[in-house]
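Asker: Let me begin by handing over the structure; questions about it come next.
Protein chains: 2
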Amino acid sequence: MHQSIGRENPAPAEGRSTRKRLAILEAAREVFMRSGYGGSSMDEIAAVAKVSKQTVYKHFADKENLFTEIITKDMDRRSDELIRALSDTEDADGNLRHLARRHITSIVKPEVMRVRRIVIGEADRFPELARAWSQTGVERGLAKLAERLADLSRRGLLRVEDPDLAAQHFNWLILSIPMNTAMFDPDAQFTRDELERYADEGVRVFLAAYGVG
Amino acid sequence: MHQSIGRENPAPAEGRSTRKRLAILEAAREVFMRSGYGGSSMDEIAAVAKVSKQTVYKHFADKENLFTEIITKDMDRRSDELIRALSDTEDADGNLRHLARRHITSIVKPEVMRVRRIVIGEADRFPELARAWSQTGVERGLAKLAERLADLSRRGLLRVEDPDLAAQHFNWLILSIPMNTAMFDPDAQFTRDELERYADEGVRVFLAAYGVG
């Protein structure tokens, strides 16, 4: 979400600063996508963002900080969407199906898969970066999902003994097939129908194990 | 499997050639692990193997060919083990549990996870390499597993409508949790007990959806 949304009259200096910050994030995303993490420099990011290198460093302490910000922003947005989709309901099955379809279409996109390949490929050289992705992104989302599954279980709508494990099973039953294809084939394309079928079939298996129906 | 096994008196020249080939494969594995695919050269591999560069090229047309050979060898060995484990049986459930435990302990090992990270990280620069991994390795193993699941279903021991999908569900229910952790954390360690628990819980979910019990 853009930081300026909902603020009608930011002070001009602040508005400029926010715009620069967003321009830097946008440029960094573009440069990382093109050159990978190891191959990117703050110089290049500054040039693409059309700001001075000094300005880049004013907003972001270093390259890792900048990359982590991009990842975290993406992940947080996605896991919030995920949580909103799993709202209070009596129809746990229908809701999980809905959630699964949103989840897979928000994650299995060429640009997200590309960043994922980059982070995995750099994990040996930049372990902190990869752990940041894993912790701030994946684990945080899974923890929120686990909470919801535990809640549905307490209300008798699912039968879940280990919510963390169930959240992992849910996540990977939905995502694994297209995600693993995309990890090894940068040109992999999926239609919405294909993705929704993976989502539906994943939920079917999940509910066979964790449903009460 | 070493090519010389079961051959008692190879001609001396042939034995030397086989030894050199194995030394090159061993050296290549070491160099790829250390420097990634893009960062490795045939020169370095020749030096580590203590053979001439000419000899390397006599055995392997190029770097891609060499890397593919390593991957394919590893994968074929693993999927053959997998097939052996799922032998003719009336106890499909017990057999799948056994298979799952062997599968996870043979795949979720630091050196296999390391190669997997390398291949994913190089997929954008060397798509052919990554597709080779995916096609000769993963897909071939999944196809063999799908055949077995179809067979068990025909015999009334499982209820599988789409064997390819079921094989994918089985594979990712078993592997996804530790594998995805390892993709982002090169230092991730798993005890045998942890891996076997992932295997057992994955099989439990699989059988809830595909079992006849």
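From first to last, the protein sequence lines stand for chains A and B. Per the working numbering, the first sequence starts with residue -12, numbered consecutively. Per the working numbering, the second sequence starts with residue -12, numbered consecutively. Where is the CB? At the ideal position from N, CA and C, for every residue including glycine. Keep in mind the model is a prediction, meaning the values are calculated, not measured.
Verify whether the separation of the beta carbon atoms of A/L145 and A/G198 is less than 8 angstroms.
Answerer: Counting from 1 along the first sequence, the entry for residue 145 of chain A is found at position 158. Counting from 1 along the first sequence, the entry for residue 198 of chain A is found at position 211. Going by C-beta atoms, A/L145 is nearer than 8 angstroms to A/G198.
Asker: Tell me the residue span of the alpha helix (DSSP H) that contains B/P97.
Answerer: As a first step, residue 97 of chain B is located in the second sequence; it is residue number 110 there, counting from the start. That run of the alpha helix (DSSP H) goes 97 to 108.
Asker: With distances taken from CA atoms, which of B/R8, B/E98, B/V38 is nearest B/H46?
Answerer: The residue you call residue 46 of chain B lines up with position 59 of the second sequence. Taking only the C-alpha atoms, the option nearest B/H46 is B/R8.
Asker: Which ranges would you report for the alpha helix (DSSP H) in the region 113 to 137 of chain A if only whole runs of at least 4 residues count?
Answerer: With a minimum length of 4 residues, the continuous alpha helix (DSSP H) runs that stay inside the region 113 to 137 of chain A are 114 to 119.
Asker: For the region 124 to 134 of chain A and the region 151 to 164 of chain A, state whether three or more C-beta atom pairs, one from each stretch, are separated by less than 8 angstroms.
Answerer: Because the criterion of three Cβ pairs below 8 angstroms is met, the region 124 to 134 of chain A and the region 151 to 164 of chain A touch.
Asker: Please state whether DSSP places B/R(-6) in a helix, a strand or coil.
Answerer: Within the second sequence, numbered from 1, the residue matching residue -6 of chain B stands at position 7. Bear in mind that a pLDDT of 43 at B/R(-6), under 50, signals an unreliable position, so the number given afterwards is only what the model happens to contain. Correct three-state label for B/R(-6): coil.
Asker: Considering only their Cβ atoms, is the gap separating B/I57 from B/R16 smaller than 8 angstroms?
Answerer: Here residue 16 of chain B corresponds to residue number 29 of the second sequence, with the count starting at 1. Here residue 57 of chain B corresponds to residue number 70 of the second sequence, with the count starting at 1. Yes, these two residues count as a Cβ contact at 8 angstroms.
Asker: Per DSSP, A/L145 is paired with what?
Answerer: The count along the first sequence starts at 1 and reaches residue 145 of chain A at position 158. According to DSSP, which records beta bridges pairwise, A/L145 is partnered with A/G198.
Asker: Can you tell me whether A/G2 is helix, strand or coil according to DSSP?
Answerer: Here the question's residue 2 of chain A lines up with position 15 in the first sequence. DSSP places A/G2 in helix when its eight states are reduced to three.
Asker: Please check the pair A/M201 and A/V102, which I expect to be a contact at CB under 8 angstroms, by giving their CB distance rounded to whole angstroms.
Answerer: Residue 201 of chain A cannot be examined here, being either before or after the span of chain A that is shown, -12 to 200.
Asker: Note down, in chain order, all residues in the region 106 to 128 of chain B with a beta-carbon under 8 angstroms from any beta-carbon belonging to chain A.
Answerer: Hits within the stretch, in order: V106, I107, G108, E109, A110, D111, P114, A117, R118, W120, S121, V125.
Asker: Quick one: is A/A154 near chain B, going by C-beta distance under 8 angstroms?
Answerer: As a working mapping, residue 154 of chain A is identified with position 167 in the first sequence. No, because no Cβ of chain B sits closer than 8 angstroms to the Cβ of A/A154.
Asker: Please state whether the Cβ-Cβ distance between A/I105 and A/Y24 is less than 8 angstroms.
Answerer: Taking the first residue of the first sequence as position 1, residue 105 of chain A is located at position 118. Taking the first residue of the first sequence as position 1, residue 24 of chain A is located at position 37. It is a contact, given that the beta carbons lie within the stated cut-off.
Asker: At the 8 angstroms Cβ level, is B/R88 part of the contact set with chain A, yes or no?
Answerer: Taking the second sequence and counting its residues from 1, the one referred to as residue 88 of chain B is at position 101. So no, B/R88 is outside the interface.
Asker: Kindly give me the distance between the Cβ atoms of A/K40 and A/A48, rounded to whole angstroms, as I take these residues to be in contact under 8 angstroms.
Answerer: Taking the first residue of the first sequence as 1, we reach residue 40 of chain A at position 53. Taking the first residue of the first sequence as 1, we reach residue 48 of chain A at position 61. Actually they are not in contact, since the Cβ atoms of A/K40 and A/A48 sit about 13 angstroms apart, beyond 8 angstroms.
Asker: Measure the alpha-carbon distance for B/V18 versus A/G128 and round it to whole angstroms.
Answerer: Here the question's residue 18 of chain B lines up with position 31 in the second sequence. Here the question's residue 128 of chain A lines up with position 141 in the first sequence. B/V18 and A/G128: Cα-Cα distance of roughly 37 angstroms.
Asker: Between which residues of its own chain and B/D30 is the CB-CB distance below 7 angstroms, once the five residues before and five after are set aside?
Answerer: Along the second sequence, one-based indexing puts residue 30 of chain B at 43. K40.
Asker: Please confirm if B/R205 has its CB atom under 8 angstroms from at least one CB of chain A.
Answerer: Lying outside -12 to 200, the shown extent of chain B, residue 205 of chain B is not represented and no answer is given.
Asker: Determine, using beta carbons only, whether A/P97 and B/D111 come nearer to each other than 8 angstroms.
Answerer: Here residue 97 of chain A is taken as the residue at index 110 of the first sequence, counted from 1. Here residue 111 of chain B is taken as the residue at index 124 of the second sequence, counted from 1. The answer is no: Cβ separation not under 8 angstroms.
Asker: Within its chain, find whatever has a CB closer than 6 angstroms to the CB of A/A119; leave out the 5 residues flanking it on each side and keep chain order.
Answerer: Numbered from its first residue, the first sequence carries residue 119 of chain A at position 132. Taken in chain order, the residues that qualify are T55.
Asker: How about A/A186 and A/R88: do their beta carbons lie closer than 8 angstroms?
Answerer: Locating residue 186 of chain A in the first sequence gives position 199, counting from the first residue. Locating residue 88 of chain A in the first sequence gives position 101, counting from the first residue. Closer than 8 angstroms, so yes.
Asker: Between which residues of its own chain and A/A79 is the CB-CB distance below 7 angstroms, once the five residues before and five after are set aside?
Answerer: On the first sequence, residue 79 of chain A is found 92 positions in, with the first residue counted as 1. Within the same chain, A/A79 has close Cβ partners L139, L144, L145.
Asker: Considering only C-alpha positions, which residue in the set B/E126, B/I91, B/G26, B/S121 is nearest to B/D180?
Answerer: Numbered from 1 along the second sequence, position 193 holds the residue referred to as residue 180 of chain B. Cα-wise, what sits closest to B/D180 is B/I91.
Asker: Exposed or buried, what is A/K50 when buried is set at 16 or more other beta-carbons lying within 10 Å of its beta-carbon?
Answerer: Walking along the first sequence from the start, residue 50 of chain A turns up at place 63. When all chains shown are included, A/K50 counts as buried.
Asker: Assign A/N158 to one of two classes, buried (16 or more other C-beta atoms within 10 Å of its C-beta) or exposed (fewer than that).
Answerer: The residue labelled residue 158 of chain A in the question sits at position 171 within the first sequence. Buried, because 16 or more other Cβ atoms sit within 10 Å of the Cβ of A/N158.
Asker: State the start and end residues of the unbroken alpha helix (DSSP H) segment that holds A/D151.
Answerer: Here the question's residue 151 of chain A lines up with position 164 in the first sequence. Per DSSP, A/D151 belongs to the alpha helix (DSSP H) from 150 to 171.
Asker: If you check the beta carbons only, do A/A169 and A/M100 fall under 8 angstroms apart?
Answerer: Within the first sequence, residue 169 of chain A is the residue found at index 182, counting from 1. Within the first sequence, residue 100 of chain A is the residue found at index 113, counting from 1. Cβ distance < 8 angstroms, so A/A169 and A/M100 count as in contact.
Asker: For my contact list, B/G124 and B/T178 are in at a C-beta cut-off of 8 angstroms; report their separation, rounded to the angstrom.
Answerer: Start at 1 with the first residue of the second sequence, and residue 124 of chain B comes out as number 137. Start at 1 with the first residue of the second sequence, and residue 178 of chain B comes out as number 191. That belief does not hold up - the Cβ atoms of B/G124 and B/T178 are roughly 26 angstroms apart, past 8 angstroms.
Asker: Could you check what DSSP says for B/K37 in three-state terms: helix, strand or coil?
Answerer: One-based indexing of the second sequence puts residue 37 of chain B at position 50. In the structure shown, B/K37 sits in coil (DSSP, three-state: anything other than H, G, I, E or B).
Asker: Indicate whether at least one CB of chain B lies closer than 8 angstroms to the CB of A/I57.
Answerer: Counted from its first residue, the first sequence places residue 57 of chain A at position 70. No, because no Cβ of chain B sits closer than 8 angstroms to the Cβ of A/I57.
Asker: Under 8 angstroms, Cβ to Cβ, is there at least one residue of chain B near A/A137?
Answerer: Position 150 of the first sequence, counted from the start, is the residue given in the question as residue 137 of chain A. It does not; no Cβ of chain B falls within 8 angstroms.
Asker: Between which two residues does the alpha helix (DSSP H) holding B/K80 run?
Answerer: Counting from one through the second sequence, the residue named residue 80 of chain B turns up at place 93. It should be noted that the sequence gives Asp, not Lys, for residue 80 of chain B. 79 to 94 is the extent of the alpha helix (DSSP H) around B/D80.
Asker: Relative to chain A, which residues along the region 171 to 188 of chain B have a C-beta separation below 8 angstroms, given in chain order?
Answerer: Hits within the stretch, in order: F171, D172, P173, D174, E188.
Asker: Can you give me the C-alpha to C-alpha distance between A/R(-6) and A/L12, rounded to a whole angstrom?
Answerer: Walking along the first sequence from the start, residue -6 of chain A turns up at place 7. Walking along the first sequence from the start, residue 12 of chain A turns up at place 25. Bear in mind that a pLDDT of 43 at A/R(-6), under 50, signals an unreliable position, so the model cannot answer this.
Asker: Could you tell me the distance, in whole angstroms, from the CA atom of B/A175 to the CA atom of A/L116?
Answerer: Along the second sequence, one-based indexing puts residue 175 of chain B at 188. Along the first sequence, one-based indexing puts residue 116 of chain A at 129. Cα-Cα distance, rounded: 15 angstroms.
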